[in-house]
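*Asks:*
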Amino acid sequence: MRKSMVAIAAACSSLLILSGCSTESETATETAAPAASGSAAAAGTQTTTTCAPGDRIGVALPAQTSENWTLAKQLFEEQITAAGFTPDVQFADSGSSAVASQQANADNMLTQQAKVLVIGAENGQQLGSQAEAAEAAGVPLIAYDRPIDAKATDYYVAFDNFKVGQLQGQALLDGLKAKKAEGPYNIELFSGSSDDANSAVFFGGAMDVLQPKIDDGTLVVASGQTDIKQTATAGWKAENAQSRTDALLTSTYGTKSLDGVLSPNDTLARAILTSVESQGKPLPVVTGQDSEVESVKSIMAGKQYSTINKDTRVLVAKAIDMAKVLQTGKTPEVNDTKSYNNGVKIVPAYLLPPVIVTKANAAEAYANDPVLSPLTK
Ligand code: BGC
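Going by numbering that gives the first Met the number 0, 143 is the number at position 144 of the sequence shown; the sequence numbering is gapless.
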């Protein structure tokens, strides 16, 4: 069935001979553009390829630092299978070997002849050789959720993460105002792991909203720690956010009240709240991201103030759509061709809209989510 609809572009076709797809060659009247040296395409032979159902799609995910990655693995496996391909979905190890383990996973997927490679980067600056290997094998590379700093990255699919940061910054302001009509408000800032390129994007978006309010005195970062290096949370680990909060409370909030905290995600938001609670202090307004089950419960209980809905089901479906289109040698749809400059080129991206969620709109935001919707009743 796929045979009639699939005519792999020259860039892919020559390599598919090597990678196990069945091919039919015919002499072309025009010479197809060569994708790699020594290829059938380079020799002027047009190859029509029928990539068999069952071909592998490799998905290399980072370490499981938050629920969204666990859900992504399950959904990629289900949806790649449902689309008629074979999923090869692997997490990176957690801890200090995470980068090396993701590199090994991606290398292995290429050895196993994956036809498309999707990577949720552990560290987007450490995937250059995997990206080059994918390019050399004619395997399209999609950066999933986190940008990859490599020339050979073909596409990026994610929620609009700068917008995520802006929504977090605005939620912090709204939450503070709802609690106490007038400032100044004492706040602290947290950002994600510095090896995840998204961390700076979230922080940049949030500061886009918060910096003017810091400048006009409405917000006071009482610790003085406003530089992203000071606010970073290594490995996105809850224990690191918790110990930094412990330290801040001791150093700065002996008598002052901590009114609000910018937290880049839910795992860290709960760690921050745990620290404050364990010191018996009033809970500050705390932002989050990911709509993790425990955080949605916390929001409904009036503890965490906000989260972001970046529906993993939608993001995975989008990545698989892109992989399917690429697998046929066609060009997938993108909606952003300016934001993701990795230093060498602007990676064409498809960005989905994130949604801010507080107790006020949770029922509506999760109305079609069978896991989260019951928590909002
Ligand atoms: C993702 C977030 C997630 C964080 C930690 C980021 O790159 O975009 O959704 O909370 O990584 O896993």
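Just so it is clear, CB atoms sit at the ideal spot from N, CA and C, and this is done for glycine as well. Keep in mind that this is a model prediction, so the values were computed, not measured.
Closer than 8 angstroms by C-beta to R55: which residues in its own chain qualify, once you throw out the five before and the five after it? Chain order, please.
*Replies:* Start at 1 with the first residue of the sequence shown, and residue 55 comes out as number 56. Taken in chain order, the residues that qualify are F84, T85, P86, D87, M108, Q111, Q112, A113 and K114.
*Asks:* At which residues does the alpha helix (DSSP H) containing P379 begin and terminate?
*Replies:* As shown, the chain starts at 0 and ends at 376. That puts residue 379 outside it, with no answer to give.
*Asks:* Report whether the distance from the Cβ of L198 to the nearest heavy atom of the ligand BGC is below 8 angstroms.
*Replies:* As a position in the sequence shown, residue 198 is number 199, starting the count at 1. Looking at the sequence provided, one finds Ser at residue 198 rather than Leu. Flag set: Cβ of S198 near the ligand BGC.
*Asks:* Would you please state the rounded distance, in angstroms, between the beta carbons of E238 and D265? I believe it to be under 8 angstroms.
*Replies:* If you number the sequence shown from 1, residue 238 lands on position 239. If you number the sequence shown from 1, residue 265 lands on position 266. Rounded, the Cβ-Cβ distance is 15 angstroms, inconsistent with contact.
*Asks:* Considering Cα atoms alone, identify which of V346, T327, T330 and G328 is closest to T336.
*Replies:* Looking up residue 336 in the sequence shown gives position 337. That would be V346, whose Cα lies nearest to the Cα of T336.
*Asks:* Between A142 and T152, which are expected to be in contact by the criterion C-beta below 8 angstroms, what is the C-beta distance as a whole number of angstroms?
*Replies:* What you label residue 142 is simply residue 143 of the sequence shown in a count that begins at 1. What you label residue 152 is simply residue 153 of the sequence shown in a count that begins at 1. 5 angstroms between Cβ atoms; contact.
*Asks:* When the Cα atoms are used, what is the spatial distance from A348 to Q278?
*Replies:* In the sequence shown, residue 348 corresponds to position 349, counting from 1. In the sequence shown, residue 278 corresponds to position 279, counting from 1. Their backbone Cα atoms lie some 44 angstroms apart in a straight line.
*Asks:* Which one of E276, R269, A149 and V220 has the shortest CA to CA distance from T251?
*Replies:* Indexing the sequence shown from 1 puts residue 251 at position 252. Residue nearest to T251 within the set E276, R269, A149 and V220 is V220 (criterion: CA-CA distance).
*Asks:* Measuring only the C-alpha atoms, how far is A59 from D144?
*Replies:* Residue mapping note: residue 59 aligns to position 60 of the sequence shown, counting from 1. Residue mapping note: residue 144 aligns to position 145 of the sequence shown, counting from 1. Roughly 12 angstroms separates the two Cα atoms.
*Asks:* For a test of the three-state rule: what should DSSP assign to E187, helix, strand or coil?
*Replies:* Against the sequence shown, residue 187 aligns to sequence position 188. In the structure shown, E187 sits in a strand (DSSP, three-state: E or B).
*Asks:* Rounded to whole angstroms, how far is the Cβ of K212 from the Cβ of L172, which I believe are closer than 8 angstroms?
*Replies:* Position 213 of the sequence shown, counting from 1, holds the residue named residue 212. Position 173 of the sequence shown, counting from 1, holds the residue named residue 172. Contact flag correct, Cβ pair sits at about 7 angstroms.
*Asks:* Using only CA atoms, which one of K255, V200, S262 and A132 lies nearest to L188?
*Replies:* Here the question's residue 188 lines up with position 189 in the sequence shown. The shortest C-alpha separation from L188 is found at S262.
*Asks:* Would you mind giving the Cβ-Cβ distance between V284 and L175, rounded to the nearest angstrom? I have them listed as a contact below 8 angstroms.
*Replies:* Stepping through the sequence shown from its first residue, residue 284 is reached at position 285. Stepping through the sequence shown from its first residue, residue 175 is reached at position 176. Their Cβ separation, rounded to whole angstroms, is 5 angstroms, which keeps V284 and L175 in contact under 8 angstroms.
*Asks:* Go ahead and label V117 buried or exposed: buried means 16 or more other beta carbons lie within 10 angstroms of its beta carbon, across all protein chains shown.
*Replies:* In the sequence shown, residue 117 corresponds to position 118, counting from 1. Buried: at least 16 other Cβ atoms inside 10 Å.
*Asks:* Is the beta carbon of Q303 within less than 8 angstroms of some heavy atom of the ligand BGC?
*Replies:* In the sequence shown, counting from the first residue as 1, residue 303 sits at position 304. Taking 8 angstroms as the cut-off, one finds no heavy atom of the ligand BGC near enough to the beta carbon of Q303.
*Asks:* By Cβ distance, which residues of its chain are closer than 8 angstroms to L314, with the 5 residues on each side in sequence left out?
*Replies:* In the sequence shown, counting from the first residue as 1, residue 314 sits at position 315. Only A71, Y143, D144, V156, A157, F158 and L351 meet the Cβ criterion.
*Asks:* Does the Cβ of N239 lie closer than 8 angstroms to at least one heavy atom of the ligand BGC?
*Replies:* On the sequence shown, position 240 is the one that residue 239 refers to. For the ligand BGC, not one heavy atom lies less than 8 angstroms from the Cβ of N239.
*Asks:* How big is the Cα-Cα spacing for P139 and A103?
*Replies:* What you label residue 139 is simply residue 140 of the sequence shown in a count that begins at 1. What you label residue 103 is simply residue 104 of the sequence shown in a count that begins at 1. Their Cα atoms are separated by approximately 18 angstroms.
*Asks:* Is the stretch 181-200 touching the stretch 215-229, taking contact as three or more C-beta pairs under 8 angstroms?
*Replies:* yes
*Asks:* Buried or exposed for K309, please, with buried defined as at least 16 other CB atoms from any protein chain shown within 10 angstroms of its CB.
*Replies:* Counting from one through the sequence shown, the residue named residue 309 turns up at place 310. Classification for K309: buried.
*Asks:* Does K380 pass the burial test, meaning 16 or more other C-beta atoms within 10 Å, or should it be called exposed?
*Replies:* Any property of residue 380 remains undetermined from this structure, which presents the chain solely from 0 to 376.
*Asks:* Around the C-beta of Q73, are 16 or more other C-beta atoms found within 10 angstroms, so that it is buried, or is it exposed?
*Replies:* On the sequence shown, residue 73 is found 74 positions in, with the first residue counted as 1. Answer is exposed; the Cβ neighbour count stays below 16.
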